[in-house]
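Participant: Residue numbers (the numbering used here): 942 to 1253.
Structure in structure tokens, see below.
As structure tokens, then:
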């Protein structure tokens, strides 16, 4: 993406003044969100924002910040997750080993989603399902949502840009947004230190550990399935987006570095992921560390590192 000085040397230099580096990165990202909110406010016909991005791109925070930016413009906004439209496990497509394939668009109850969205657009209210990942089934109780004609709905999920999802929704009512970490980190010799997927994997690894208690080995294994889903069901549709947002925060590796190295160091020499974990450790060690206390509580990075009182 344009106007990003994504070199290690630049990051090292900026990290000498961590607070101003942090503020600069946060300001840049927030400015993008505020501009999109203004564009939505200026276009009264737009009611539905379809927000898609790969794992750990920051969909949850981006949707939240967009909702808050719209609220500042006196626009009421509601968020709907496509994850709540999963079919029950017993009806879900399967991988060859028999486990549910949550990555395919066919794992979604598309008919239910279409019916829900059309009821919202035509009647102004609908019953929203909620999926329980612990039981692998839809909860028996639905959530009632009522909207007014001036409200905005953000629909977020892996498949939000897939035409199958929106083919029966009037296109003039939709704004499509694609978010991703869209920059690599290079050294001064143009060698890639961390690619885009590395950046997201590091976010995911730290989040899985802090919020789910997962080992890095578990995240590595899960990442194989995640990559399959992105390649098959997301990336082919990313150019359908009206707007693309690069969610990289150039100071993020300095924040995530210490926890990431600690986790990667736990991978044993016998592991199939040992070689990759050692490569990531070597590259992460080239970055300076920044204490997480500089990260604002509403930062996208908090989606991965948690609130400050949890971090010590």
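In this text, a Cβ means the ideal position worked out from N, Cα and C, and glycines have one as well.
Measure the alpha-carbon distance for residue 1087 versus residue 969 and round it to whole angstroms.
Facilitator: 34 Å
Participant: Per the contact definition of three or more C-beta pairs closer than 8 Å, is the stretch 1041-1054 in contact with the stretch 1166-1180?
Facilitator: Of all C-beta pairs linking the stretch 1166-1180 to the stretch 1041-1054, three or more are shorter than 8 Å, placing the two stretches in contact.
Participant: Straight-line CA distance for residue 1092 to residue 1225?
Facilitator: One C-alpha to the other measures close to 44 Å.
Participant: Evaluate contact between the stretch 1097-1113 and the stretch 975-982, counting only Cβ atoms and requiring at least three cross-stretch pairs below 8 Å.
Facilitator: no
Participant: What first and last residue would you give for the alpha helix (DSSP H) that runs through residue 1202?
Facilitator: Counting along the chain, the alpha helix (DSSP H) containing residue 1202 begins and ends at 1193-1205.
Participant: How many angstroms separate the CA atom of residue 1051 from the CA atom of residue 1025?
Facilitator: 11 Å
Participant: With a threshold of 8 Å, are at least 3 pairs of Cβ atoms found where one atom belongs to the stretch 1230-1238 and the other to the stretch 1135-1152?
Facilitator: no
Participant: Which residues mark the beginning and the end of the beta strand (DSSP E) in which residue 1263 is found?
Facilitator: No information on residue 1263 is available, as it lies outside the stretch 942 to 1253 that the chain covers here.
Participant: Evaluate residue 1129 with the Cβ neighbour count: other Cβ atoms within 10 Å of its Cβ, from every protein chain shown; 16 or more gives buried, anything less gives exposed.
Facilitator: Flag for residue 1129 reads exposed.
Participant: Between residue 1002 and residue 1241, is the Cβ-Cβ spacing less than 9 Å?
Facilitator: Yes, they are a contact pair.
Participant: From 1102, 1195, 999 and 1212, pick the residue whose C-alpha is nearest to that of residue 958; which is it?
Facilitator: 1195
Participant: Count Cβ pairs between the stretch 1182-1199 and the stretch 1108-1124 that sit closer than 8 Å; are there 3 or more?
Facilitator: yes
Participant: Please state if the CB of residue 1021 and the CB of residue 1148 are separated by a distance shorter than 9 Å.
Facilitator: no
Participant: Based on Cα-Cα distance, which residue from 1163, 1057, 955 and 974 lies nearest to residue 1009?
Facilitator: Closest in alpha carbon position to residue 1009, among 1163, 1057, 955 and 974, is 974.
Participant: Using DSSP with H/G/I as helix, E/B as strand and the rest coil, what is residue 1241?
Facilitator: coil
Participant: Would you call the stretch 1071-1078 in contact with the stretch 1027-1041, where contact means no fewer than 3 C-beta pairs closer than 8 Å?
Facilitator: By the Cβ rule, the stretch 1071-1078 counts as touching the stretch 1027-1041, because three or more pairs are nearer than 8 Å.
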